[in-house]
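For reference, the structure is listed below as structure tokens.
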Ligand SMILES: [Zn+2]
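In the numbering used here, the protein residues as written are -1 to 376.
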């Protein structure tokens, strides 16, 4: 790693510094970094990281009090601080990336992305990746109706929403996008109207369609960058169709649902992680319960109709949205790539329930995936 000459290192406001005698403590999101500083040089260096000086100027000003410090030493320490995530480049500008409306509307997002940004990053670009991204959202039920509104709030620019169902009274314990007056009307129509009122800049392509084959899903998702599948009918088959369609098109998938008292989700990145078929093969020998959940010969399924509890719906939505933001902005790798994460309502503990790898001889993803299929999204 090397630091570009033009950067203006700024110690992030999210990383406050405390001094105690000969030690410097830098706080960051619940973790404290302790640095020994008997001469006070680190404290002086930190005071110069206000975003107004280049690396060369930082060394120049530091030399006034500590003439023995070399430019190489300053660079080395700054590289360490940058690797720890303490620094951002105050020289980056939103010009040509975001307009005034976007800067205001997504100010808090941008500040969040800034907490992940390194000296070589531009936090404004992270937001623009969300705007330029095209997401397929399969299903506008409990999870999908939350997700569409949340995606509009996050600043996702383009969504293709696929749904065929109508609003029912029993949806309204969790599908808060709809109203009593919507009962009997198509979900898609109401959802698009509500969400566009909330964010006039989002483009929603409404596809009123029941998915019933791999080819249907391929058509529904083609041309998009990421797929979020929260359609749960027909039960197990939809998982297979969406999996195969995502592998064929090379589009990453994040998906999840409720299993009564637990929320589950996983992410598949074609060409990198194993697919659902790989998972099925691997658990068939090791885990009878998961095998049953995943196979078409069982009545059990992920995403039951009879129990759907609002708090778990909201949490699952958050997990899926977080995966989407990770995949699109690159702030951090997806949490659930190639593994099933679960949260149990009993104790709110999050754990890895399953993990699988890519099988070279998988009947779905074993064939070579085109090289351009695994390019970064957005
Ligand atoms: Zn596979």
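Using N, Cα and C, we set each Cβ at its ideal position, and we do this for glycine too. Bear in mind the structure is a predicted one, so any value in this text is a computation, not a measurement.
(1) Output the distance between the C-alpha atoms of residue 114 and residue 329, rounded to the nearest integer angstrom.
(2) Once the 5 residues before and after residue 351 are set aside, which same chain residues still bring their CB inside 6 Å of it?
(3) Alpha carbon to alpha carbon, what distance is there between residue 186 and residue 162?
(4) Check this for me: beta carbons of residue 165 and residue 153, under 9 Å apart or not?
(5) Quick check on residue 98: does DSSP put it in helix, strand or coil?
(6) Quick check on residue 29: does DSSP put it in helix, strand or coil?
(7) DSSP three-state call for residue 257: helix, strand or coil?
(8) Please return the same chain residues whose Cβ sits closer than 7 Å to the Cβ of residue 148, not counting the five positions on each side in sequence.
(9) Using C-beta distances below 7 Å, list every residue in its chain close to residue 356, excluding the 5 sequence neighbours before and after it, in chain order.
(10) By the three-class DSSP mapping on this structure, what secondary structure does residue 227 have?
(11) Could you tell me whether any non-hydrogen atom of ligand 1 is closer than 8 Å to the CB of residue 272?
(12) Could you check what DSSP says for residue 301 in three-state terms: helix, strand or coil?
(13) Specify, as a first and last residue, the run of the alpha helix (DSSP H) that residue 75 falls within.
(14) Spell out the partners DSSP gives residue 59 in its beta bridges.
(15) On the DSSP bridge assignment, give the partners of residue 156 in chain order.
(16) Take residue 108 and list the residues in its own chain whose beta-carbon comes closer than 7 Å to its own, dropping the five residues that flank it on each side.
(17) Could you please give the first and the last residue of the uninterrupted alpha helix (DSSP H) stretch that includes residue 308?
(18) Mind checking whether the beta-carbon of residue 362 lies closer than 8 Å to any heavy atom of ligand 1?
(19) I'd like to know whether the C-beta atoms of residue 138 and residue 146 end up nearer to each other than 9 Å.
(20) Determine whether the beta carbon atoms of residue 222 and residue 249 lie at a separation below 9 Å.
(21) Does the Cβ of residue 71 lie closer than 8 Å to at least one heavy atom of ligand 1?
(22) Is the Cβ-Cβ distance between residue 134 and residue 173 less than 9 Å?
(23) For residue 333, which option in 177, 259, 317 has the closest C-alpha, if you only look at C-alpha atoms?
The answer reads as follows:
(1) Straight-line Cα distance between these residues: approximately 6 Å.
(2) 338, 340
(3) 7 Å
(4) no
(5) Shown here, residue 98 sits in a helix according to DSSP, grouped into three states.
(6) strand
(7) strand
(8) 315, 319
(9) Excluding sequence positions up to five before and after residue 356, its CB lies within less than 7 Å of the CB of 271, 272, 276, 363, all in the same chain and listed in chain order.
(10) strand
(11) Because some heavy atom of ligand 1 lies under 8 Å away, the Cβ of residue 272 counts as near it: yes.
(12) A caution first: residue 301 carries a pLDDT of 45, below 50, which makes its placement in the model too unreliable to give a value.
(13) 69 to 81
(14) Answer is none; residue 59 lacks a bridge partner.
(15) 132, 201
(16) Closer than 7 Å at Cβ, skipping near neighbours: 121, 122, 125.
(17) Looking at the DSSP string, the run of the alpha helix (DSSP H) that includes residue 308 is 308 to 327.
(18) Yes, since a heavy atom of ligand 1 falls inside the 8 Å radius drawn around the Cβ of residue 362.
(19) yes
(20) yes
(21) No, Cβ of residue 71 sits at least 8 Å from all heavy atoms of ligand 1.
(22) no
(23) 317
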